Every structure is written in C-alpha cells, then in structure tokens.
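Visitor:
There are 2 protein chains.
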Amino acid sequence: MAGCGVRWQYILGAALSGALLLTAGILLGHYAIYKEPQTPEWLHSLSRDLDPALLEDFMNQVEAARIGQNLKDLSSKPHMATTKGDEELVQLILKAWRDPQTGLDSAMEGQYEVFLSFPDPEKPNSVAVVMENGSQAFISQETEKNLTADQADRDVVKPYAAYAPPGNPKGKLVYANQGKMSDYEYLVQQGIDLNGTIAITRYGGAGRADKAINGAKFGVVGVVVYTDPGDINDGKASATETYPYSWYLPPSGVERGSYNSHFGDLLTPYYPAKGFTYRIPEDQITGIPPIPTQPIGFEDAKTLICNLAGNPVAEAAWQGALGCVYHLGPGFRQDGLFPNSSEVQVNVHNYRRINTSSNVMGLIRGSVEPDRYVLYGNHRDSWVHGAIDPSSGTAVMLEISRVLGKMVKEGKLRAGCVCVFYFLWWGVKHGNSRGRSVSGQKDASPTYCLPPPFSLGSLGAGSDYASFIHYLGITSMDIAYTYDRSKTSARIYPAYHTAFDTFHYAETFIDPGFTSHQTVARTAGNVLIRLADALILPLNVSDYGETLQQMYSVAREAFQADLTHHNISLDPLWAAINRFQAAAAGLNQRIANLREEANPSPLDVRMVNDQLMLLERAFLNPRAFPEKYYYSHVIMASRSSSLATFPGLADAYDNAKEDGLWGEVHKQLTIVIQVIENAASILEPVAE
Amino acid sequence: MAGCGVRWQYILGAALSGALLLTAGILLGHYAIYKEPQTPEWLHSLSRDLDPALLEDFMNQVEAARIGQNLKDLSSKPHMATTKGDEELVQLILKAWRDPQTGLDSAMEGQYEVFLSFPDPEKPNSVAVVMENGSQAFISQETEKNLTADQADRDVVKPYAAYAPPGNPKGKLVYANQGKMSDYEYLVQQGIDLNGTIAITRYGGAGRADKAINGAKFGVVGVVVYTDPGDINDGKASATETYPYSWYLPPSGVERGSYNSHFGDLLTPYYPAKGFTYRIPEDQITGIPPIPTQPIGFEDAKTLICNLAGNPVAEAAWQGALGCVYHLGPGFRQDGLFPNSSEVQVNVHNYRRINTSSNVMGLIRGSVEPDRYVLYGNHRDSWVHGAIDPSSGTAVMLEISRVLGKMVKEGKLRAGCVCVFYFLWWGVKHGNSRGRSVSGQKDASPTYCLPPPFSLGSLGAGSDYASFIHYLGITSMDIAYTYDRSKTSARIYPAYHTAFDTFHYAETFIDPGFTSHQTVARTAGNVLIRLADALILPLNVSDYGETLQQMYSVAREAFQADLTHHNISLDPLWAAINRFQAAAAGLNQRIANLREEANPSPLDVRMVNDQLMLLERAFLNPRAFPEKYYYSHVIMASRSSSLATFPGLADAYDNAKEDGLWGEVHKQLTIVIQVIENAASILEPVAE
C-alpha cells in the first residue's frame, strides 16, 4: 500500500525517496469560461469551487485491474536502487507519463549522486559457528529458499545490513533481545561481560542501526539480527504454515534494510546530493553500525539461540516463538549442538559507493494559481521485487495519474488540474476524508481492511514524507490500507523486505482482485482533487489545537511536579495553546463567512488559503534539535521518551532526571511555546 | 538621520531595536470603487496601480519645521534604554499615533524583559595612573565637560563600556592601535610581553568588544578605548576648534557603546526576551569583553599615550592626532609625566540586570491585501540625548506617519494605506529611488549632502534592520542623508554616542532648518507609498544578479588557483549565477508583459509579487554559520575577510590557508551554490 514504512530510501533522500513526485498548481476553477462584456476573462474562474461531478467521474474511472497490471509490471523483477531493474522503472514511469492519450503535461528526470552500500556478490556475508580448532560447525544460509521461482532470480540481492562495515569479528554469542540500551544494560546487570561478544537481536523495539550502535557501547564486536516468528508470524514457524501457504514469512526469509538512523544522503546532510556538493568524510557519518552486522532468517536464528547457555533463562518479555526457551548466553550450552567453547563469527563484506540515480517527476500545470503545488509521491526502489513495498503505492499512483491525465487530455479538466497529492497533514480528517466511495470492510482479504473511519495518527519519520514534514514543514498526509490489527499481531506484513514480497504474494494474500488498491486510489484521488480544486483548502486547523491540548495534558500530568520544583512553569504553554485554539476557531468562522459570500474577492480567498497552507511552517525551528539531522518540526520530531507529548520537552525531561540539566528543559519548553505562539499568529486575523 | 549605525540597540533585539515598527498591508488600490452591475465590488480595486497624485500630495505635506519640533521633543532629555526618559518617549509616540486628527489606525506596546548593563552611579568608572607607592598620579575625567548646559543634566550617563565586566586590573600600559588581532600580533613581534598589561586602543578597525576579546587572548588584563581626533575630527583637537564652535568632538567627549559583537538579547539568543523564555547562564555569553574595559576622551588619552615609553615608535599607520609621537610602551618613559614604574589601573563598576521595556507599534490597515506588510522602523533609546542617533530618524518617522495618518483620516487614502517602510533590499535602486523631489546638494550644511544619485551598498549588520535581513530574509533598505566624505575624513559624525549629540548640535551643525530631514522624509515616504501601493512591487531583481556576478569575479580572481589545486571547481557557482540572471531577466519580461495587460488577473499579479517578495528568503540558510548568532543570509552575512565576495566562502578560504581545511571551503561553496539555485528557482516561471 502507499506509504509502507521502508528505511532504505531514507538514505537516498531527494534522490530516490520522492521518486514519483508529481507537482502541479492548485486549480481554483476549471470550467469553460462564461464571457460577459465589460468583465475580464479571469473573473468567473477565480471564485468557482470544486465540482462534485468531477470527483464522481474520477472515482468511476479508477480500475482495479489496471492497478493489478501496474503492480505486475513494476514488481516483475528485483529493482534495488540504482540497479538495472530500477533504471528500467525510470523508463516505465516516464513512458506512462508521456503517453499521448493518458500522459501528464510533462515528465522529467532529476539526477543525483547518492551514497549506497552493497554486499560483495563474490563473497557472501554469513554468520558462522566456529569451533575452538577453527573449523566451522554452522553457517547461515546465503539467501532465501526458492519457493515460487521468484527467489531464484539472479538479481535477488543476498541479505545484508546496508551501511554496516565489513569485518569478521568473532566472540561468544549473547541474546540481547531487541538491542535497546536497556536490553544491553539488563545483560550487564545479569553479570554478563559483553566485551568481545557477538549479540543476536530480534527486529523491533529499536531502529535497525541502533542495535549495533548500542551494542558497541558495551563492547559488543558484532551483531546478528533476525525476525522472530512471534513478532511477525503470530507464532507460525513451519514451512507449511508460511508462504506460499499463507502470508506468513517462511523460515528462510530475511529482512534486509538500511541500517541508518537518519534520512537523506549520508555524505551530504542538508544539501542536495549533486555532483558539486561537498561530501563529509566517511568517518564523520553518524547513525550507522560501527561494527559488522548481519541479518539472518529465523530458521538459522533458532539454531543459534536454542543452543545458548546461561542461567537464569531470559525473562518472559524476551522470549519469542522459535520453539525453545531463550537463554542469554554467553556462549553455547554444554549439551547442545556446538561445543561450549565455540564462538560465533559475523562475516560482512559490504562495500559503499556513490552511484547516479534519478528522481522522476511528472506535472499537470495548474490553470489559476500554477505556482501553488500539491505533491504526490512514492519511492521507486525496492529491496527485492518489492511488490508491496513500494510498488503497491506506485501502482496506485500510476492509475491515479492515468485517469487524471486522460481527463486533462480530453478537456474535461480545463488547462490541467493538479495531479497528485501526497503531503497533507492529519487535520485532513475532518475536512476531507469522508468521500462517499471510500468506506467499508473488504472481505476478500481477511487480514486487510480499511477501518471506517480512518485511523489517524501523527506522522513519524517512517516514510517518504519525512523530509517534507520534518524538514520543510509542508503539510503532509500518508494514506495506507492496512491489515486489521485485531486479527494479527504482526509487526508489519510478514514478507517485508524479503525475497517473498512478490506479485504472487500480493495478489494471493494481500489484495486479491486489487479492490483495496482501487479504494486507496479513489481515496487518494479524492483528497488530491479536493486539495487542488477547492476554493478554500480543506484543512481543519482546529484539529491541531486538539492535538496540542492532548500533548499539554500528558506533559502536565507527567512533568508538572518536577518542573514546579525547578521553577519552570507550564502556564505560558497553556496560554499559548489557548491562543492557538481561539485563533483556529476564529479562522474557521472567517472561512464560514467567506463561503457565504456570493462573489468573494480572490485576494480574500488567497489570504485564508495562505494561512491554512503556511500553518505547518510555523512549527519549524531549525535550531531546536541540533543533534537530529533534518528534524525541525517542534511538534512532530522523533523522540526517545515513550510519552506522547512534545518530543524535545519530553526527551529533555528524561535527560534532566539523569543529569540534572533543567535549563535544557526550560529551553525546550521555550521552543515549544514560541512555535505555538507563532502558529497562532499565522491563524489570527490581520490587526485592525 | 534614519539608520545611523548604533550598536547599543543590537543587544536589545526585538525589544527596543525596532522600537518604532509600523506595520500595514500592501494596498493595491485605494480609490472609491466604481460600481458596475453584474461585477463584484472588489473587481476594480484589484488592478488599480499607484496614483502619482497621491505621492505629490504626500510630498507637499511634509514640513521641515515639524520635524525640527519632533526632534526637539525627542531629544530634550537623555533617554537611555529603560530609563525614565526612554519610558516618556513611549508615551510621546503612542500619543502621536493615537491623535484623533493625524494618528494611525491603531498603536500598541509589546513588552520584553531585556538584559542590560549599567555603570554604578555611586562608584564612577575610571582609568588611573598608580605609582609604585600606591598613590594616584592621574585619573580620567568622570564625564564630559559642561559646554552647553545639556551635559549637566543629571540623567547623563557617565561613560562606560556596556557589558564589560567589573574589576580593577593594573599593569604596564601598551598602545595597541585599534585592538585588532593583527595589532596585538604586531606588538608581540616587537618583543613586547603583553601578559598582565593594560592596552589602550582607539575606536575603529575592530568591533568595540573585539578590542578586549582579542587582547585577552594575548594576556592583556584591561583595555582602555578612546576616540582619536585623527579619526573623527580631521585632526582638530583643541577646545576652540571643536563643539560648540564646530561639529567636531570636544576633548572631553567619550563615545559610549554596547561592547557586544552579537545582536539580540544576550541571554535569549534566537528567542523573544519574554518572561517565559529560558535564559542562558551569564558565563555562556560570548562576544563581550572578558576583561574590564573603559572608554575615555582624547584629552585623557593624550596624557597616557604621549607619555609612553618604547622604541621604536609606533609605525606610521598607528600614529594619530593627539599631538605627539605615539610609542608602544610597555609603561611610561623616564622623562615623562609619570615615574617609569607607574602602572595604569582600569576601574570598572558596571553591573548587569534584566529590565522591562516595550516596543511601540503603529498600524495603518491595508485595504486590499491586509496580510502583506511594509515595515518602517527605528530604535528609540539613545546613549545620552541622542539627537542624531536615533532621534533624527524618529523625528522623520513621526512626520511621515503624521502626514499619512492625516491622509487616511481625511479619506483620501481609502480604508488606510501602508504607513511606513524601512526594510527593502538594495535592488530598489533602479525601481524606486528617483523620486523627483529628492535630489540636489544642500548648501546650508557644508558637510552634509545627499549625493545625487544615491550611493548604494549592501546592508551590513550595522543597524536596526539587522535581524530583518540577516535572520528573517526580509528585503530591507536603509536610507540615510549623510555627509560628503570628500570634505571630511570623520569615521562617523563626531558627537556620536557622546553627551554632545544634542538638539543644539543638530540644529546648529547638522541640519539648520531641517531641510535634509525633510528630504529624507520625502524620500522614505515616496519609497514607502510605492511599495505599498504599486500594483507590482518596485523591486528590480536583476540588480541582485549583478551583485552575484561581481562577487563571483572577486572570488575567481582571488581563490581560483588554490581551489583548482584542491579539486574544487567554481564552475557550478558560475552556472548557478547564470541561471539566476536568466531567471531574473525572464521575470522582468513577464512583469513587463503583465503591465501591458488591461485587466491582469489579481492572482497573476499576486504570483509575480510573491516571487519578488520571497526572493530574499531563498538566500537564507540557518545552518550556514553556526558560530554566528542570527546570521543566516548567505550572501550578506558578516565576514572577516577583506574581500567583497561571498562571506562564508571568503572566510573559509582564509582559514584554509592557515589550517588546510579545504573541505570547509568546499562546504561553503556548496552553500552558496545551493542558495543561488534556490533563488533562481523562486524567480523562474512555473513549469509548463
């Protein structure tokens, strides 16, 4: 589905992550112009609102079968970034957008030079058990088993941890749960000396790179990562219970991924990865594993973990579904598969290089305000075939652009209309998400549904919109059709980033008939057309006020006692939120009044649309989080704290509890107050 | 005159520096509306351009005598920031802007809590010569001599170096020229041990605070600063050649000032100095003297410098007009006024505190696009009476606001018009500065004239516009009527920041009859009305392209050989500048086409105005200069290099020549290229 979380593309930043950005202007009206003597041509087009018939027409033309065919074309071959398969998709997309009948007004490429990491095709990475005499007692599988022929494609990249450094460290194995700081601390508390050990960790709980970054702080020399069937397969672990017999991950499946905490090209933080751009030395890169790291399948992980020594056993929360009791190590148990003196060796032969790649952009020009843009995007590159991640989103986008392109070419949409959205903020929920064709359960795919109403949350750093919302403050939205979490505990769809994320998998287990895809296309197109064509932008700023108030309540509940003790008052924050809410209500009222005017002045409409459009920018402070690349959005930045409140404040509070630096808490509180005051002033009417 | 360079206000930041910000919307039309059946009311007001008769009317109504009276009222008493005299001016200005006949639409105060430095009124600061036996052989004058009664006002603050720390260090005296790094280095090269010395330095060449910051690096323990008559008086140094007999500085005159390298409140960098704002600990403040520092008059400086020991004598460039040959020290010569063993002691009793103060803001509401603002501002606080700095600018502003306010009240200006400009970029030169009433020599004041044509340069960090242009990227302009530099070598007008900058001084020697003030008011009002009322903003973006090209030429000439040697190419910079120039020419052409349309669409006009208005923002990069508070404007930031080229590039180049860090040069070049590419994209037409 559109917007599946992927990490690989973050490192590509502007290069690939927005592979399918469509840009076009906001169209405020699109009908044939009624000529009246004495009045200028543009008069009537300026105050015309969205035409419901246009929406209806769009919805009717979206075809599930075409989306299915798009998906088949897009995922027929592996298309990892900058590989041949990926370059072929550049051409596929350009061809679609340049089609004489259904293409867009224009389509173009924008080239970048991006820093990537690859495994050495000649020397496979591995995780081995090495006995005292130096001989190998076990070696991990090189790649997934061939179950549906797709896995045998010679372009399937063997599993690796992108950006992990090469090396072959060897040591006693320990089980470190999810590789969080607290996990390693727990091992130390158990009396385990982590120096020189190899840690095996399961996916989840911490970022991929963090498992190694954290471990290295404790003396760990190599990290192994696997997907526990308890986290992704509802405990199913046998070959016959998993794909191709169900949507569950087979025992040999390995999640690849970008082991990188930041987004954007690693060598050119804050700047476009162009030929002329200064590149930092590789040793200044942060947020990637400092020690060799390798992912394996749970079949191999079972061999390692189920033979670990150590007493007591790992606590309940650390246990998984490998079919044995997990011990912590260090090393293997006496009565197991391997001699107790055996060690584990992580063999990594990754290399890094700068490759050329392109963004592909297509455009439908706006007819009234062609300098105002609505963007719709998705990344293009996958880890293997990438049927769900990312091609499901691309397949939907191509169908949306086909229908809109056709409508433009046929003259229904006058002089072009905005094509595609992607970036819109959560506030859309009241304004825009109740398009009547978008609703209902979907029974064909038991685990997948679109819960009515939409489930809405804040945007994390989890996908292609990250640089738009977090760095640029562009109002953003992520629409995904996902599975019913009451029916499965899977952390993500099980084939994620493996050689089993194929067209066959998608059409068999995810969306037979592609009707969910069709629903997403209709929803997305609906929002897109409304954003582009509505006289007044369909964004409800009061929702933001509610969110701020919720965040405030959490902060007050958790922090107030300590803050008061350190003479820091939350009252100015509360005052700022009240001001924001009053301003939002006032703007809504002015919008309502404007809607009742028969002939509103286009500049009055423009003024209100600017307030709606620029609100998100007011929450940016590029100096708020100097340690976090790109994160500038004070309300939505990433946070380490588990509390759903202002991230800078929450993290500063946690730190102050440790180090006593309450000044930093006051500073972060100041930053929050200032952006909310700024945001309120954006929404307020001009001074009289 | 408006915009005289002052440093004090920088520390007040948003609190006082923009004391007289007038804000109002861009008025695109202002006539009575012609009603036509079938067309909305707003139709005709949207495409009406500036009315020349309005300008004419404004020009005719500006009265020199009223400006003179304003100046008398404003400078009758000392009004240092947050003192009683300053608070009285808040009321004076509010009263003027709330006048029923000539006031503005509204006027208001905005309170801040600002960090200030004051001398102890009970314990005067001094610079003394102390003999070996501990007795005092000399002590500097406490304040200026009373020459015209103004100096006897009990509210005249005694000379001090604001923000210099208290203390009474003592040591051998050395003469350190202007206190630049190179000056101290030169002294060391002469074999002088600076450890434990007191340095006497003259104003000029380096920032006030830098004289002490630099000296402390060499072991200097106290700094004395004076104004050399060679720098400010064309060498005139006697009582009968100086004020009240001429405009020159009397021997007892002392330039006070803010010894602070940054702008904005020192405790709240990047945040408004409000009650809720986090304040950094005082020991984290940078950019102020780390050692006691005190300014004195040149009469006292002569006693110290003309008795210095040391051979050889100071080199020619270091000599001044005190009437003796300057030696370097250390200490006093054998045959002079003081025993050779005497030392100089700098006695400073300054204290720092947080005071409350207000911005005063007045507003004329725009009638068509009331959310677009033109700002006109000046600071309010002075060091003493401050007739020229800052009151001349305020006197002019009050006359402009009186005339515009009156025109609004009388209904000539419909529904209000923008009041006051201040912030506009240099590009105004072609578009706007040739108002026909603004020209000519002014013979009444032999040293002051407005050279025709305007002398135009880039905006430094030297005045109240600093935070607007450097931090916010708001197109800014500084209009000043200044003296003819072919007739005097004065660094600045001689009474600057002394107790002699009085109304008497201004009316006698600066602008008898206040006709120069009148000319400034007409010029400023002219620009202001054009900015507010023109259908298309009168800004010529091609001027920016010329400046970029000049900067490029300087960079190529000076840096290319070394850059090539380090594999850094200037070609992408040249390509970016070419793109910018083409984009600017294209925009100019589109503007010309738009002007020829009988009824341009208001949204087409809005689009072009946005491009003109937002251009300056494209040059901001808040991460370009992390060490320089607030400086974000990549083209106009301060620089240490003497080369008139891209500041970050020039400084990185100079550093690389010392430390070999050519990567930083490449990074700064990248930053320049990126902002120019961004700026070009702002100007380019939307994609087709």
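From first to last, the protein sequence lines are chains A and B.
So that you can map any letter, position 544 of the first sequence is 544 in UniProt numbering, and since no number is skipped, the others follow by simple counting.
So that you can map any letter, position 325 of the second sequence is 325 in UniProt numbering, and since no number is skipped, the others follow by simple counting.
The C-beta atom is built at its ideal place from N, Cα and C for all residues, glycine as well.
On a predicted model such as this, the values are computed, not experimentally measured, just so you know.
Is it buried or exposed, Lys172 (chain A), if we count other Cβ atoms within 10 angstroms and call 16 or more buried?
Guide: buried
Visitor: Cα-Cα, which of B:Gly663, B:Thr523, B:Arg491, B:Ile676 is closest to Gln284 (chain A)?
Guide: B:Gly663
Visitor: Suppose the cutoff is 8 Å on Cβ atoms and the five residues either side in sequence are ignored; what does the same chain contact list for Ile673 (chain B) look like?
Guide: Pro572, Leu573, Ala576
Visitor: What residues in the region 653-666 of chain B have a beta carbon less than 7 Å from any beta carbon of chain A?
Guide: Gly663, His666
Visitor: Assuming Tyr184 (chain B) is part of the alpha helix (DSSP H), what are its boundary residues?
Guide: 181-189
Visitor: Between which two residues does the alpha helix (DSSP H) carrying Gln294 (chain B) extend?
Guide: Bounds of any alpha helix (DSSP H) do not take in Gln294 (chain B); it lies within the beta strand (DSSP E) bounded by 293-296.
Visitor: For Met607 (chain A), which residues in chain B fall below 8 Å Cβ to Cβ?
Guide: Glu369, Pro370, Asp371
Visitor: Could you tell me how far apart the beta carbons of Val254 (chain B) and Glu144 (chain B) are, in whole angstroms, since I believe they sit closer than 8 Å?
Guide: Contact between Val254 (chain B) and Glu144 (chain B) holds, since their C-beta atoms are separated by about 7 Å, short of 8 Å.
Visitor: Given Ala107 (chain A), which residues of its chain have a CB within under 6 Å of its CB, disregarding the five upstream and five downstream residues?
Guide: Leu94, Trp97, Arg98, Gly362
Visitor: By how many angstroms is the C-alpha of Ala239 (chain A) removed from the C-alpha of Val325 (chain A)?
Guide: Computed Cα separation, rounded: 21 Å.
Visitor: Less than 7 Å between the C-beta atoms of Gly179 (chain A) and Ala206 (chain A), yes or no?
Guide: yes
Visitor: Looking at chain B, is there any beta carbon in it that lies within less than 7 Å of the beta carbon of Leu363 (chain A)?
Guide: yes
Visitor: Just list the residues that DSSP pairs His633 (chain B) with in beta bridges.
Guide: B:Leu620
Visitor: Any beta carbon of chain B sitting closer than 7 Å to that of Ala584 (chain A)?
Guide: Ala584 (chain A) does not count as touching chain B.
Visitor: Taking the CB atoms as reference points, tell me whether His327 (chain B) and Leu308 (chain B) lie closer together than 7 Å.
Guide: In this structure, His327 (chain B) lies near Leu308 (chain B), with their beta-carbon atoms less than 7 Å apart.
Visitor: Are the Cβ atoms of Leu531 (chain B) and Val374 (chain B) separated by less than 7 Å?
Guide: With contacts defined by Cβ atoms closer than 7 Å, Leu531 (chain B) and Val374 (chain B) form a contacting pair.
Visitor: Are three or more beta carbon pairs between the region 163-172 of chain A and the region 284-298 of chain A nearer than 8 Å?
Guide: yes
Visitor: What residues in the region 602-631 of chain B bring their beta carbon closer than 9 Å to a beta carbon of chain A?
Guide: Here the close residues are Pro602, Leu603, Asp604, Arg606, Met607, Asp610, Gln611, Asn621, Pro622, Arg623, Pro626.
Visitor: If contact is defined by three or more beta carbon pairs under 8 Å, each pair taking one atom from either stretch, is the region 549-563 of chain A in contact with the region 597-617 of chain A?
Guide: no
Visitor: What number of angstroms, rounded off, separates the C-alpha of Tyr203 (chain A) from the C-alpha of Gln319 (chain A)?
Guide: When rounded, the distance between both Cα atoms is 13 Å.
Visitor: At the level of alpha carbons, what is the spacing between Pro272 (chain A) and Ser357 (chain A)?
Guide: 13 Å
Visitor: If you follow the beta strand (DSSP E) that Ser126 (chain A) is in, where does it begin and where does it stop?
Guide: 126-130
Visitor: So what's His327 (chain A) in DSSP terms, helix, strand or just coil?
Guide: strand
Visitor: Less than 7 Å between the C-beta atoms of Arg617 (chain B) and Gly473 (chain B), yes or no?
Guide: yes
Visitor: Mind listing, in chain order, the continuous alpha helix (DSSP H) runs of no fewer than 4 residues lying wholly within the region 227-306 of chain A?
Guide: 229-232, 298-305
Visitor: With 7 Å set as the bound, which would you pick, yes or no: does the beta-carbon of Gly18 (chain A) sit closer than that to a beta-carbon of chain B?
Guide: Low local confidence applies: a pLDDT of 24 at Gly18 (chain A) is under 50, so the model's placement there is unreliable, with the coordinate-based value given in what follows. For Gly18 (chain A), not one C-beta of chain B is nearer than 7 Å to its own C-beta.
Visitor: Mind checking Tyr351 (chain B): buried by the 16 CB within 10 Å criterion, or exposed?
Guide: exposed
Visitor: Which runs of the alpha helix (DSSP H), 4 residues or longer, sit entirely within the region 466-552 of chain A?
Guide: You should have 515-533.
Visitor: So, is Asn593 (chain A) buried or exposed, given that buried needs 16 or more other C-beta atoms within 10 angstroms?
Guide: exposed
Visitor: If the criterion is Cβ atoms closer than 7 Å, does the pair Asn599 (chain A) and Pro40 (chain B) meet it?
Guide: yes
Visitor: Using a Cβ cut-off of 8 Å, pull out every chain B residue sitting near Lys226 (chain A), in sequence order please.
Guide: Sequence check: residue 226 (chain A) is Tyr here, not Lys. Taking a Cβ-Cβ threshold of 8 Å, none of the residues of chain B is close to Tyr226 (chain A); the smallest such distance is about 39 Å.
Visitor: Does DSSP put Val157 (chain A) in a helix, a strand or coil?
Guide: coil
Visitor: Compute the beta-carbon to beta-carbon distance between Leu116 (chain A) and Ala81 (chain A), rounded to the nearest angstrom, for a pair I have assumed lies under 8 Å.
Guide: That belief holds up - the Cβ atoms of Leu116 (chain A) and Ala81 (chain A) are roughly 6 Å apart, short of 8 Å.
Visitor: What residue range does the alpha helix (DSSP H) around Phe580 (chain A) cover?
Guide: 571-596
Visitor: Taking the alpha carbon of Val174 (chain B) as the point to measure from, which residue in B:Leu187, B:Met181, B:Ser182 has its own alpha carbon closest?
Guide: Of the listed residues, the one whose Cα sits closest to Val174 (chain B) is B:Leu187.
Visitor: What residues match up with Gln611 (chain A) in a beta bridge as DSSP calls it?
Guide: Gln611 (chain A) pairs with nothing; no bridge assigned.
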